[in-house]
Structures are given as structure tokens and as C-alpha cells.
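Before any comments, here is the structure.
Residue numbers (UniProt numbering): 1 to 226.
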């Protein structure tokens, strides 16, 4: 049974999530503040955490940082904060996905399942070779092949692709990619990413205008789907 830790100080939200998750076979643990969330995570070892950012005792991003100090558990943020800056901050802190309130239960449950599934795949699949229906990425050899032929990537293109592939299925914030590939001084140069992602799609996607593997999350970042 998948164990879900729900962290929220709104009783009606907690009740709705408990009912819907329990009805679908999840084991639900709850906490109403950040300190309680960290204790519950340490005591119960959940398979996924659903976290509100606006907690009464600490900011949710501090909870994410506290969890990431010792755990790789998937964290799905569920928050009323809709500003893209808040989303990027949470993703940079270590969240796996972000859903804004009010939310549709079907979408929330789909994102929850996806987070759990990606975590299970990551734990089971340690292969350095990642295959899609179009191209293959060999992380150890630093090579990409499409339809059997090697694809030449520039060092910058490879740097972006490697970050996305190593975080397969997870949203990677724009700022993180810019910082890791270009350096901290370039953290706001988002137009760089638009140019280089377009180049990568032309080289790797069957339909660059309708990418299946190199996905844009507008205003937030990018995701690699294998």
C-alpha cells in the first residue's frame, strides 16, 4: 500500500484528500504544520509527500529543504501561491511537482501517481543508457544516437540534455539549468534556454513543434519524458 503524507493546515483540504486517497487504496498520514511534517516523515517513511507551502510555523520550502537533507521521497506541492517565482523556488528547493489551489481532484491524483511511478522507476533503473522511441542517450559515454546514427551535440546542448535526462520525469527549473550549465551569473537569462531547447528538439524530436520528450512547462522549466 502506498503511504501518502499530507501536510496542510486547512482541515477541509485534509479531509477531502484523506477521503479521496483512502478510497483509492492509499494509506494516509497527516500533519498540520512543518515540524509535525518532518516528524511524521521520519517516523512513517512515506512513499510520497503532499505539501502546502503556507504552514503556520514555517514556510513549506523549509520543510522541503529539511526533507531533502536525508530523503529523496517525491514531494508534490499543493499551494494557493500561483506566482511563477514561488513555483520556481519550490522546485529549486527539491519539490518534484507543483499543483495550485483550487485544484481538480483527477489532475491531482494523476500527478500523484506519476510522482510515485517516477520514483519507483528511478529506484529500479540505474542504467546509464536511456532509450526513447526516437533516440538513445548514453550518459556514461556522453553520446546520443538517433535512428542508429550518432547525433552531434555541442557541449552546451549536451549539458542541458544530461540534466534533463538524469531527472527523467521531473520538472527541472529554468534557473537550475542556467546555473548548472552557464553559471550563477546567468540565472535569469531564460532566452538562452528557449534557443537551445529549440536546437535540441530539431536534432532529436520527430516533430520539433510538438515535442514528446523535451517538454516545456511554461514559466517554470523543462521536463524529459522517456
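Where is the CB? At the ideal position from N, CA and C, for every residue including glycine.
Return the residue from the list 107, 115, 104, 84 that minimises the CA-CA distance to residue 97.
Sequence index remark: in the chain shown, residue 97 carries index 97 (1-based). Of the listed residues, the one whose Cα sits closest to residue 97 is 115.
CB residue 50 to CB residue 112, shorter than 9 Å?
Sequence index remark: in the chain shown, residue 50 carries index 50 (1-based). Sequence index remark: in the chain shown, residue 112 carries index 112 (1-based). Yes, Cβ-Cβ distance for residue 50 and residue 112 is below 9 Å.
Quick check on residue 60: does DSSP put it in helix, strand or coil?
Within the chain shown, the letter at position 60 stands for residue 60. In the structure shown, residue 60 sits in a helix (DSSP, three-state: H, G or I).
Excluding sequence positions up to five away, which residues of its chain have a Cβ less than 6 Å from the Cβ of residue 205?
By one-based count along the chain shown, residue 205 stands at place 205. Excluding positions up to five away in sequence, the list reads 211.
Is the beta carbon of residue 130 less than 9 Å from the beta carbon of residue 168?
Here residue 130 refers to the residue found at position 130 of the chain shown. Here residue 168 refers to the residue found at position 168 of the chain shown. A contact, by the Cβ cut-off of 9 Å.
Please work out which residues of its chain come closer than 8 Å, Cβ to Cβ, to residue 180, disregarding the five sequence neighbours upstream and downstream, and give them in chain order.
Within the chain shown, the letter at position 180 stands for residue 180. Excluding sequence neighbours, residue 180 sits near 159, 163.
Would you check if the segment 56-66 and the segment 183-198 touch, i.e. whether three or more CB-CB distances between them fall below 8 Å?
Not touching, per the Cβ criterion.
Does residue 212 come out as helix, strand or coil in the three-state DSSP assignment?
The residue labelled residue 212 in the question sits at position 212 within the chain shown. Three-state DSSP puts residue 212 in coil, outside helix and strand.
Please name the residue in 56, 137, 156 whose C-alpha comes closest to that of residue 149.
Here residue 149 corresponds to residue number 149 of the chain shown, with the count starting at 1. Out of 56, 137, 156, 137 has the C-alpha closest to the C-alpha of residue 149.
Give the secondary structure of residue 222 by DSSP, where H, G and I count as helix, E and B as strand, and everything else as coil.
Within the chain shown, residue 222 is the residue found at index 222, counting from 1. Three-state result, residue 222: strand.
Over the uninterrupted beta strand (DSSP E) stretch that includes residue 161, give me the two end residues.
Working through the chain shown from its first residue, we reach residue 161 at position 161. Counting along the chain, residue 161 falls outside any beta strand (DSSP E), though it belongs to the alpha helix (DSSP H) covering 155-166.
Count the other CB atoms, across all protein chains shown, that sit within 10 Å of the CB of residue 10; report buried if there are 16 or more and exposed otherwise.
Here residue 10 corresponds to residue number 10 of the chain shown, with the count starting at 1. Residue 10 is exposed by the Cβ-count criterion.
Using CA atoms only, rank isn't needed, just tell me which of 31, 100, 17 is closest to residue 25.
In the chain shown, counting from the first residue as 1, residue 25 sits at position 25. For residue 25, the nearest C-alpha among the options comes from 17.
Return helix, strand or coil for residue 186, following the three-state DSSP convention.
For this step, residue 186 is matched to residue 186 along the chain shown. DSSP places residue 186 in helix when its eight states are reduced to three.
Using the DSSP secondary-structure output, state which residues sit across from residue 98 in a beta bridge.
What you label residue 98 is simply residue 98 of the chain shown in a count that begins at 1. Answer by DSSP bridge pairing, in chain order: 77.
Just confirm the distance between the C-beta atoms of residue 30 and residue 48, as a whole number of angstroms; I'd bet it's less than 8 Å.
Taking the chain shown and counting its residues from 1, the one referred to as residue 30 is at position 30. Taking the chain shown and counting its residues from 1, the one referred to as residue 48 is at position 48. With a Cβ gap of about 13 Å, residue 30 and residue 48 do not count as contacting.
Can you check whether the CB of residue 86 is closer than 9 Å to the CB of residue 53?
The residue labelled residue 53 in the question sits at position 53 within the chain shown. The residue labelled residue 86 in the question sits at position 86 within the chain shown. Yes.
Return the residue from the list 152, 128, 173, 34 that minimises the CA-CA distance to residue 220.
For the purposes of this step, residue 220 is identified with residue 220 of the chain shown, where counting begins at 1. Closest option to residue 220, Cα to Cα, is 173.
Note the first and the last residue of the continuous alpha helix (DSSP H) segment covering residue 88.
Locating residue 88 in the chain shown gives position 88, where the first residue counts as 1. Counting along the chain, the alpha helix (DSSP H) containing residue 88 begins and ends at 84-93.
How long is the line joining the alpha carbons of residue 4 and residue 28, rounded to whole angstroms?
On the chain shown, position 4 is the one that residue 4 refers to. On the chain shown, position 28 is the one that residue 28 refers to. In a straight line, the C-alpha of residue 4 is about 5 Å away from that of residue 28.
Drop a sphere of 10 angstroms on the beta-carbon of residue 57, count the other beta-carbons inside from all chains shown, and report buried for 16 or more, exposed for fewer.
Start at 1 with the first residue of the chain shown, and residue 57 comes out as number 57. The residue in question, residue 57, is exposed, as its Cβ has fewer than 16 Cβ neighbours within 10 Å.
Output needed for residue 157: all residues of its chain with C-beta closer than 8 Å, excluding positions within five of it in sequence on either side, in chain order.
Within the chain shown, numbered from 1, the residue matching residue 157 stands at position 157. Within the same chain, residue 157 has close Cβ partners 196, 199, 200, 203.
Look at the alpha carbon of residue 102 and the alpha carbon of residue 80, and state the distance between them as a whole number of angstroms.
Numbered from 1 along the chain shown, position 102 holds the residue referred to as residue 102. Numbered from 1 along the chain shown, position 80 holds the residue referred to as residue 80. Taking the straight line from one Cα to the other gives about 7 Å.
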